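Trainee: Chains as they are written, first to last, in our numbering: chain A, 1 to 199; chain B, 1 to 199.
2 protein chains.
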Amino acid sequence: MSATLTAKGRATRQRILEGAAAQVRERGVANTSLDDVRAVTSTSKSQLFHYFPEGKAQLLLAVAQHEADRVLADQQPFLGELTSWRAWQAWRDLVVERYRQQGQHCPLSVLTSQLGPTEPALRTIVVGLLEAWQGQIAAGIRSMQAQGKVGASLDADRSAAALLAGIQGGVVVMLATGEMTHLEAALDQAIERLRASAG
Amino acid sequence: MSATLTAKGRATRQRILEGAAAQVRERGVANTSLDDVRAVTSTSKSQLFHYFPEGKAQLLLAVAQHEADRVLADQQPFLGELTSWRAWQAWRDLVVERYRQQGQHCPLSVLTSQLGPTEPALRTIVVGLLEAWQGQIAAGIRSMQAQGKVGASLDADRSAAALLAGIQGGVVVMLATGEMTHLEAALDQAIERLRASAG
DNA sequence: CTACCGCTGGACCGATGAGTCCATTCATCT
DNA sequence: AGATGAATGGACTCATCGGTCCAGCGGTAG
Numbered sequence: 001m002s003a004t005l006t007a008k009g010r011a012t013r014q015r016i017l018e019g020a021a022a023q024v025r026e027r028g029v030a031n032t033s034l035d036d037v038r039a040v041t042s043t044s045k046s047q048l049f050h051y052f053p054e055g056k057a058q059l060l061l062a063v064a065q066h067e068a069d070r071v072l073a074d075q076q077p078f079l080g081e082l083t084s085w086r087a088w089q090a091w092r093d094l095v096v097e098r099y100r101q102q103g104q105h106c107p108l109s110v111l112t113s114q115l116g117p118t119e120p121a122l123r124t125i126v127v128g129l130l131e132a133w134q135g136q137i138a139a140g141i142r143s144m145q146a147q148g149k150v151g152a153s154l155d156a157d158r159s160a161a162a163l164l165a166g167i168q169g170g171v172v173v174m175l176a177t178g179e180m181t182h183l184e185a186a187l188d189q190a191i192e193r194l195r196a197s198a199g
Numbered sequence: 001m002s003a004t005l006t007a008k009g010r011a012t013r014q015r016i017l018e019g020a021a022a023q024v025r026e027r028g029v030a031n032t033s034l035d036d037v038r039a040v041t042s043t044s045k046s047q048l049f050h051y052f053p054e055g056k057a058q059l060l061l062a063v064a065q066h067e068a069d070r071v072l073a074d075q076q077p078f079l080g081e082l083t084s085w086r087a088w089q090a091w092r093d094l095v096v097e098r099y100r101q102q103g104q105h106c107p108l109s110v111l112t113s114q115l116g117p118t119e120p121a122l123r124t125i126v127v128g129l130l131e132a133w134q135g136q137i138a139a140g141i142r143s144m145q146a147q148g149k150v151g152a153s154l155d156a157d158r159s160a161a162a163l164l165a166g167i168q169g170g171v172v173v174m175l176a177t178g179e180m181t182h183l184e185a186a187l188d189q190a191i192e193r194l195r196a197s198a199g
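Below you can see the structure in the form of structure tokens.
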């Protein structure tokens, strides 16, 4: 695309991006062709390449970034303010609810595994997401430690890592089985562990 | 394929299966064509369809089953005998080591996410694997409870579910980042939680 | 008004890859 | 030995899909 985009151009680009994201979410990368995107966004082939000159790879990367941004945004404001047990519980419920609604359409998982090992640029996006995620959890734990509500001897980073792993795994299991129990169990037990450490 | 396979036929079928599995592990489903399988197994197109008449879908399903069987087998004998803290630790080390060696080639993850949402038959395989996995962990927890080494009030199934989620998530994170820390943290904290429940 | 430039439509191309088909070889049993 | 059926080789077809190209449209600045 050219350096300058008009308002109309920006709108079209956005429409393509969101249409592609929806398609990928619903049918997976393997089952999303540029013609599908074209059809669902009411655009033409030349528009796709006008706004994403490097083709499908660039479009998918933009989709990945778009979805990654949403993941953390959807957990706010609680994830960024884990400063009370009430906030932790609200966050836990929000995460569960978010993935329950999302059902089997997990954009992160879809992208991680379908392009993960190969595309280094995509890896960067996923790694950035995981680091930011874990960082906010760890910040929450430290906040609770500062208030004496979580044991000071507990390793905040390691605990956050384990909690993040539990979430990721809970989502993986949900994608395979449709059950939320694993995600709930992982979250509940991690939080319970934090609470128990206070004494 | 015909109902009757000679010894030679069985060997060829097996060669195709393992070659396809290796290819999928190394390069992913998307980057594995039947021609690749043909080349790596020194077979011809007609052989592929002779032994897997329903084509690529059937072959990939067989690969999935093959890999799923390996996952639990590789964790033995410890996973089936989680009757002492020593066994738990040995199992934990084995899991970490197994995935460390495997690196970014996770057959389960590759298959789960690349075909997961679509193929119901594959879902069945993955669900079966997860249930068996969790079942053996839960059995280990109950064994420890019977010995009084784990608190009797602890919900074995839910604890096993959370532990399994931690493993899955640890692997997911490892696939994305290359780091083993999340898997280790998830395993260690889950086991620590079991130990702590005894008192 | 008009010239410019971004925007759009869609035909077309070339590569890839799944699946088909038939001819040939090989092993085994009578 | 000969017959039967499995095992094999590989050329071929057909569909799909990413990407190219060029011609036409439209809004906006001068």
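Ideal placement from N, C-alpha and C gives every residue a C-beta, glycine not left out.
Source: prediction; values computed, not measured.
1) Would A:Ala165 pass as a contact of B:His182 if the rule is Cβ separation under 8 angstroms?
2) Are the beta-carbon atoms of A:Trp85 and A:Lys149 separated by less than 8 angstroms?
3) Taking 8 angstroms as the threshold (C-beta atoms), are A:Arg25 and A:Pro77 in contact?
4) Could you give the uninterrupted runs of the alpha helix (DSSP H) lying entirely in the region 45-116 of chain A, keeping only those of 4 residues or more?
5) Check A:Gln147 in the structure and name its three-state DSSP category.
6) Does DSSP classify A:Val24 as helix, strand or coil?
7) Locate the alpha helix (DSSP H) running through B:Met180, then write down its first and last residues.
8) Once DSSP output is grouped into helix, strand and coil, what is the label at A:Asp188?
9) For A:Glu18, which of helix, strand or coil comes out of DSSP?
10) Nearest-angstrom Cα distance between A:Leu129 and B:Arg13?
11) Counting only beta-carbon atoms, is A:Arg195 nearer than 8 angstroms to chain B?
12) What in chain B is Cβ-close to A:Gly55, meaning under 7 angstroms?
13) Using a Cβ-Cβ cut-off of 8 angstroms, state whether A:Ile137 counts as contacting chain B.
14) In terms of alpha-carbon separation, which member of A:Ala87, A:Thr83, A:Asp69 lies closest to A:Ala139?
15) Could you give the first and the last residue of the continuous alpha helix (DSSP H) run that contains B:Thr41?
16) Please confirm whether B:Gln89 has its beta-carbon closer than 8 angstroms to some beta-carbon of chain A.
17) My output table needs one value for A:Val127: the three-state DSSP class, helix, strand or coil.
18) With 7 angstroms as the C-beta to C-beta threshold (strictly closer), list the residues of the region 166-181 of chain B near chain A in chain order.
19) I'd like the list of long-range same chain contacts for B:Gln134, defined as Cβ closer than 7 angstroms, with 5 residues on each side in sequence excluded.
20) Taking the beta carbon of A:Gln101 as the centre, do at least 16 other beta carbons fall within 10 Å, making it buried, or is it exposed?
21) Once DSSP output is grouped into helix, strand and coil, what is the label at A:Leu5?
22) In or out: A:Gln147 buried (at least 16 other Cβ within 10 Å) or exposed?
23) How is A:Asp155 classed by DSSP in three states: helix, strand or coil?
24) Considering only C-alpha positions, which residue in the set A:Gln136, A:Leu60, A:Thr4, A:Val110 is nearest to A:Gly80?
25) Looking at the structure shown, is A:Val29 part of a helix, part of a strand, or coil, going by DSSP?
26) Identify whether A:Ser197 lies in helix, strand or coil by the three-state DSSP scheme.
27) Our contact map puts B:Val173 next to B:Glu179 with C-beta atoms below 8 angstroms; I'd like the distance itself, whole angstroms only.
28) In angstroms, rounded to a whole number, what distance separates the CA positions of B:Pro53 and A:Ala156?
29) Is the Cβ of A:Leu130 closer than 8 angstroms to any Cβ of chain B?
30) Please report the distance separating the alpha-carbon of A:Gln189 from that of A:Ser44.
31) Any idea what DSSP makes of A:Ala11, helix, strand or coil?
32) From the beta carbon of B:Leu183, is the nearest beta carbon of chain A less than 8 angstroms away?
33) If the cut is a Cβ gap below 9 angstroms, which residues of chain A does B:Thr60 touch?
34) Just by C-beta distance, which residues in the region 149-164 of chain B are closer than 8 angstroms to chain A?
Mentor: Here's the rundown:
1) yes
2) yes
3) no
4) 45-51, 56-73, 85-102, 107-115
5) coil
6) helix
7) Taken as a continuous stretch (DSSP letters only), B:Met180 belongs to no alpha helix (DSSP H), as it is neither H nor E.
8) It is helical.
9) helix
10) Between A:Leu129 and B:Arg13, the C-alpha separation is close to 42 angstroms.
11) At a cut-off of 8 angstroms between beta carbons, A:Arg195 makes no contact with chain B.
12) Within chain B, no residue has its beta carbon less than 7 angstroms from that of A:Gly55; the closest one is some 16 angstroms off.
13) no
14) A:Thr83
15) 34-41
16) no
17) Three-state DSSP puts A:Val127 in a helix.
18) Within the region 166-181 of chain B, the qualifying residues are Gly166, Ile167, Gln168, Gly169, Gly170, Val172, Val173, Leu175, Ala176, Thr177, Thr181.
19) Excluding five sequence positions before and after B:Gln134, the CB atoms of its chain that fall closer than 7 angstroms to its own CB belong to Ala160, Ala161, Leu164, given in chain order.
20) exposed
21) coil
22) Answer is exposed; the Cβ neighbour count stays below 16.
23) DSSP places A:Asp155 in coil when its eight states are reduced to three.
24) A:Gln136
25) coil
26) helix
27) Right, their Cβ atoms sit about 7 angstroms apart.
28) The alpha-carbon separation between B:Pro53 and A:Ala156 amounts to approximately 54 angstroms.
29) yes
30) 50 angstroms
31) helix
32) Yes, B:Leu183 lies at the interface with chain A (some Cβ there is under 8 angstroms from its Cβ).
33) Reading off the sequence shown, one finds Leu at residue 60 of chain B, where the question assumed Thr. The contacting residues do not exist; B:Leu60 stays about 12 angstroms from chain A at best.
34) Arg158, Ser159, Ala161, Ala162, Leu164
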